[in-house]
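Novice:
In the working numbering, the protein residues as written are 180 to 366.
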């Protein structure tokens, strides 16, 4: 009988604490996923996102941002996979023409639903592509930080991506920034 009272009191304390607004914090141990498994999961997710973007890029414009999040991983291998996947996707989905930024007049002009959808996709593409090039630029200059070996390997991947973009889609936006990455590395 004393054990029942003890359990009942603990239950009441919890209820009272909850009602009074006090927080009862329990430590939850997150299971650590082995690095190999993290890499495998990242590969599968990157492949899934790349497939979505290659099949119907206009419908999945938000996936560009999801793809970019992989380059923020603390794991160098996942970062490299993210950069390479973005490269492959951009090479495939970049149109054969430059996309100009929309002016205020363009935004106010009445257009059909299809044109509005295409414009939204193009703006998402250009914005994500610009973020990607900024990331390449930042990584190309790395190699002098706390982990020089990881920085150097990321730097070489970033430079390789910039070279590939410059040769594959030289007509597209931000080619000047791509050239700056390469010139910065040469000098």
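C-beta: ideal position from N, C-alpha, C; glycine also.
For residue 392 and residue 268, I'd like the C-alpha separation in whole angstroms.
Specialist: The first residue shown for the chain is 180 and the last is 366, placing residue 392 beyond what the model contains.
Novice: Just to confirm my understanding: we take residue 277, look at its own chain, exclude 5 residues before and 5 after, and list those with CB closer than 7 angstroms. What are they?
Specialist: So the list reads 350, 351 and 352, once near-sequence residues are dropped.
Novice: Within its chain, find whatever has a CB closer than 7 angstroms to the CB of residue 357; leave out the 5 residues flanking it on each side and keep chain order.
Specialist: So the qualifying residues of the chain are 312, 341, 344 and 345.
Novice: Short check: CB of residue 281 to CB of residue 264, under 8 angstroms?
Specialist: It is not a contact, given that the beta carbons lie outside the stated cut-off.
Novice: Which of the three DSSP states is assigned to residue 255 in this structure?
Specialist: Looking at residue 255 - three-state DSSP - the assignment turns out to be helix.
Novice: Just verifying my parser: in three-state terms, what is the DSSP assignment at residue 215?
Specialist: Residue state, collapsed to three classes: helix.
Novice: What number of angstroms, rounded off, separates the C-alpha of residue 359 from the C-alpha of residue 258?
Specialist: Approximately 22 angstroms between the Cα atoms of the pair.
Novice: Run through DSSP, which three-state label would residue 276 get?
Specialist: If DSSP states are grouped into helix, strand and coil, residue 276 belongs with coil.
Novice: First and last residue of the alpha helix (DSSP H) that includes residue 247?
Specialist: Taken as a continuous stretch (DSSP letters only), the alpha helix (DSSP H) holding residue 247 covers 242-248.
Novice: Whole angstroms is fine: what's the gap from residue 205's alpha carbon to residue 212's?
Specialist: Because the pLDDT of residue 205 is 46, which lies under 50, any placement of that residue in the model is unreliable, and the question is left without a value.
Novice: By how many angstroms is the C-alpha of residue 300 removed from the C-alpha of residue 231?
Specialist: Using only the alpha carbons, I get a separation of about 14 angstroms.
Novice: In whole angstroms, give me the CA-to-CA distance for residue 325 and residue 253.
Specialist: Any reading at residue 325 is ruled out, since the residue's pLDDT is 48, under 50, leaving its predicted position unreliable.
Novice: Short check: CB of residue 243 to CB of residue 304, under 8 angstroms?
Specialist: Yes.
Novice: Just mark residue 336 as buried or exposed, buried being the case when its beta carbon has 16 or more other beta carbons within 10 Å.
Specialist: Buried, because 16 or more other Cβ atoms sit within 10 Å of the Cβ of residue 336.
Novice: Consult DSSP for residue 352 and reduce its assignment to one of helix, strand or coil.
Specialist: If DSSP states are grouped into helix, strand and coil, residue 352 belongs with coil.
Novice: Could you pull out every residue in the same chain whose Cβ sits closer than 6 angstroms to the Cβ of residue 237, ignoring the five residues on either side in sequence?
Specialist: Excluding residues within five positions, the ones whose Cβ falls inside 6 angstroms are 300.
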